[in-house]
Amino acid sequence: MDDSYKIDLYTELCIGEIVEYNDLSRLIESAIIKHGVSLSSDTLLAIDVSGNKATDCKTLIINYSGLPILTCRTSRELLKEFSKRCIYSHEMMAAIVNLSQRKKFRKFPVMAFETLFMLYDSCKRNDTTFVNVCHIDNLTPRKNCQLPYLTFTNGLEISTPFNYRSVKNKIWCAASCYVYFFASEMAILEQSHVKKIILENWHGRYVRENTQKVNKLLEGVNYRDFDFFKSAIHGRQYLADRSLFDKWHDIMFL
0 MDDSYKIDLY TELCIGEIVE YNDLSRLIES AIIKHGVSLS SDTLLAIDVS
50 GNKATDCKTL IINYSGLPIL TCRTSRELLK EFSKRCIYSH EMMAAIVNLS
100 QRKKFRKFPV MAFETLFMLY DSCKRNDTTF VNVCHIDNLT PRKNCQLPYL
150 TFTNGLEIST PFNYRSVKNK IWCAASCYVY FFASEMAILE QSHVKKIILE
200 NWHGRYVREN TQKVNKLLEG VNYRDFDFFK SAIHGRQYLA DRSLFDKWHD
250 IMFL
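Residues 0 to 253 (this note's numbering) are what the sequence shown spells out, left to right.
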């Protein structure tokens, strides 16, 4: 099977109907096999396909550009390697999320740079759920798709093995915390760009329904506060001023 067929098939999937997570046969058919591949900042989605009869490979990786990739490397192997390259450790993320919620969670999504990872079967492991909302446009289920679906910036839409409440409650808040304040663009923000960056790449129902509320909250945010918060996340400052953190909390958890 030549690459032109795979390209045509994948293009069709990206502009067509939602791909169901429990029927990945066409997505697998459009993939190329690479055994030395790793997760990267270009990765949008990775799926554990070790139990899928359509392939002998272990993991399906979907990047922002190029064809999907099948690899014999296991999800745990890829994730262990990927975690070592992450700028922000799981422990730091846990501390921030726990502080923002004013209580300690035993379990919540592990996060790393620009990847959403989910299992092929209907279960999920806490250590293999990676989220980056910058590349998700909509989490609202359609009438012809009972499960929530994820829309990526390359056009691909895929349903999730999580119910809507799970996505909303267990993933959304933590992912929002990451996207708003830990993305690399934040390092070069200017005051006039705060609002633009926070809403950038969001085109789904969530933004349409909450844009006015977000804009109102951002009226009370200045760049000095933002820079102080960013410095705290990078470990250069401590959030001794709880009112400052509460201000950001209101935006993160609409």
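Beta carbons: idealized from backbone N, C-alpha and C, even for Gly.
Reducing DSSP to helix, strand and coil, say where residue i ends up.
i, result
"Glu39", "Reading off the sequence shown, one finds Ser at residue 39, where the question assumed Glu. DSSP places Ser39 in coil when its eight states are reduced to three."
"Ala23", "Per the sequence presented here, residue 23 reads as Leu, with Ala not at that position. The answer is coil: DSSP assigns Leu23 none of H, G, I, E or B."
"Asp1", "coil"
Does residue i pass the burial test, meaning 16 or more other C-beta atoms within 10 Å, or should it be called exposed?
i, result
"Ile6", "exposed"
"Asp47", "buried"
"Asn278", "Given a span of 0 to 253 for the chain in the structure shown, any question on residue 278 remains unanswerable."
"Glu11", "exposed"
"Ser3", "exposed"
"Ser158", "buried"
"Glu80", "exposed"
Report the rounded CA-to-CA distance for residue i versus residue j, giving the unit in angstroms.
i, j, result
"Glu76", "Thr54", "18 Å"
"Ser74", "Tyr9", "23 Å"
"Tyr63", "Val18", "17 Å"
"Cys13", "Asp1", "19 Å"
"Pro147", "His34", "31 Å"
"Ala30", "Ile61", "9 Å"
"Asp41", "Pro160", "23 Å"
"Gly65", "Glu28", "14 Å"
"Cys56", "Glu16", "25 Å"
"Arg25", "Thr150", "17 Å"
"Leu43", "Leu69", "14 Å"
"Thr58", "Cys71", "7 Å"
Checking the sheet assignment: what are the DSSP bridge partners for residue i?
i, result
"Leu69", "Ile32 and Leu59"
"Glu156", "Thr150"
"Ile14", "Answer is none; Ile14 lacks a bridge partner."
"Ile6", "None, per the DSSP bridge assignment."
"Ala53", "Its beta-bridge partners do not exist; DSSP assigns none."
How about residue i: is its Cβ closer than 6 Å to a heavy atom in the ligand SAM?
i, result
"Leu38", "In terms of ligand content, the structure shown is empty, and the ligand SAM therefore cannot be addressed."
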